[in-house]
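Worksheet: the structure to be examined is printed underneath.
Numbering (our numbering), first residue to last: 741 to 972.
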């Protein structure tokens, strides 16, 4: 008996017949983007599945991370891990800050919290750990370090969709968490991402950033970008 092939990075896609049903809905509504009905249904469904209250969909995990850094007003130096996809560090640089790399724990492959404190300077404003391969960081120790030093924490959970610990979704940790829905992830929207917020006010701010800063059709309240996820 031959061994069954197990694809690791090939995109997981639904049967074409199921996908066509959604395309037909889009063609009928003629709404392709700007928070259409499928977008709103999807945002609610993902939040329910993950067990989080406030989620904002984005066109990619990278844009989601840029928005998260922006909404927390991080600058100067941001401590992160070198063992991650380049988008983590690139988002810090694109935000005008400097990534400070702290080595990983050789067992978990996550950032080693015991080494974070030594990397903190007067320029440090945040910590950006990555939950590597679905294995949660030492969130308790990182929280204590952040609170003791007045730092914000953004968790890059790009590769940790649906991961839980004893208290529920790991996305509840930190000031914000981000997800990636890239084609190579276990859950994908071809391209896409999300920011998970702790409260409605933060979500609304992130939603404004995602849509050119618009609070409504006539009012712009913040300098925003186009980070929206389309209906498809």
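Think of the CB as a built atom: it goes at the ideal place given N, C-alpha and C, for glycine as much as any other residue.
Spatial neighbours of residue 953 within its chain, please: CB distance less than 8 Å, with the 5 preceding and 5 following residues excluded, ordered by chain position.
-> In chain order, 960, 961, 962, 963, 964 place their CB closer than 8 Å to the CB of residue 953, counting only its own chain and leaving out the 5 sequence neighbours on each side.
Simplified DSSP assignment, three categories, for residue 951 = Secondary structure at residue 951: strand, using DSSP grouped into helix, strand and coil.
Tell me whether residue 873 sits in a helix, a strand or coil according to DSSP, three-state version.
-> Looking at residue 873 - three-state DSSP - the assignment turns out to be coil, as it is neither helix nor strand.
Specify whether the stretch 764 to 775 and the stretch 926 to 934 touch according to this definition: at least 3 beta carbon pairs, one from each stretch, less than 8 Å apart.
-> No: the two stretches stay apart, fewer than three of their Cβ pairs being nearer than 8 Å.
Can you have a look at residue 753 and say buried or exposed, based on whether 16 or more other CB atoms are within 10 angstroms of its CB?
-> Flag for residue 753 reads exposed.
Identify which residue in 852, 904, 909 has its Cα closest to the Cα of residue 885.
-> Per the Cα distances, 852.
According to the Cβ coordinates, are residue 794 and residue 937 closer than 7 Å?
-> Against a cut-off of 7 Å, the Cβ pair of residue 937 and residue 794 comes out as a contact.
Alpha-carbon spacing of residue 931 relative to residue 922, whole angstroms = Whole-angstrom Cα-Cα distance: 5 Å.
Report yes or no: do the stretch 806 to 819 and the stretch 938 to 957 share at least 3 C-beta pairs separated by less than 8 Å?
-> With contact defined as three or more Cβ pairs closer than 8 Å, the stretch 806 to 819 and the stretch 938 to 957 are in contact.
With C-beta atoms as the reference, is residue 831 less than 7 Å away from residue 864?
-> Not a contact, by the Cβ cut-off of 7 Å.
The stretch 888 to 902 / the stretch 859 to 879 touching (three or more Cβ pairs under 8 Å) = The stretch 888 to 902 is in contact with the stretch 859 to 879.
Quick check: the stretch 855 to 870 against the stretch 833 to 844, are there 3 or more CB pairs under 8 Å?
-> The stretch 855 to 870 vs the stretch 833 to 844: in contact.
Proximal residues to residue 816 (C-beta, below 8 Å), its chain only, five neighbours per side dropped = In the same chain as residue 816, and ignoring 5 residues on each side of it, the C-beta atoms closer than 8 Å to its own belong to 837, 838, 863, 864, 865, in chain order.
8 Å contact criterion, which residue 968 and residue 799 should meet: CB distance rounded | Indeed, because the Cβ distance is near 6 Å, the residues count as touching under 8 Å.
Do the CB positions of residue 934 and residue 797 come within less than 7 Å of each other?
-> Cβ distance < 7 Å, so residue 934 and residue 797 count as in contact.
How long is the line joining the alpha carbons of residue 821 and residue 850, rounded to whole angstroms?
-> So the alpha carbons of these two residues sit roughly 7 Å apart.
Cα-Cα, which of 883, 769, 895, 889 is closest to residue 828?
-> When the alpha-carbon of residue 828 is set against those of 883, 769, 895, 889, the nearest one is in 895.
Could you check where the beta strand (DSSP E) with residue 971 kicks off and where it finishes?
-> No beta strand (DSSP E) holds residue 971; DSSP gives it neither H nor E.
Taking only the alpha-carbon atoms, compute the straight-line gap between residue 882 and residue 904 and give it to the nearest angstrom.
-> Take the alpha-carbon of residue 882 and the one of residue 904: they are about 17 Å apart.
Mind checking residue 785: buried by the 16 CB within 10 Å criterion, or exposed?
-> Burial call: exposed.
Within the stretch 837 to 892, note down every full beta strand (DSSP E) run reaching 3 residues or more, in order along the chain.
-> List check, beta strand (DSSP E) in window: 838 to 841, 864 to 868.
Taking just the CA atoms, how far does residue 880 sit from residue 889?
-> If I take the Cα positions, the gap works out to 14 Å.
Reducing DSSP to helix, strand and coil, say where residue 823 ends up.
-> Three-state DSSP puts residue 823 in coil, outside helix and strand.
How is the alpha helix (DSSP H) around residue 757 delimited, first residue to last?
-> Residues 756 to 769.
With 16 as the cutoff for other CB atoms within 10 Å, does residue 917 come out buried or exposed?
-> Buried, because 16 or more other Cβ atoms sit within 10 Å of the Cβ of residue 917.
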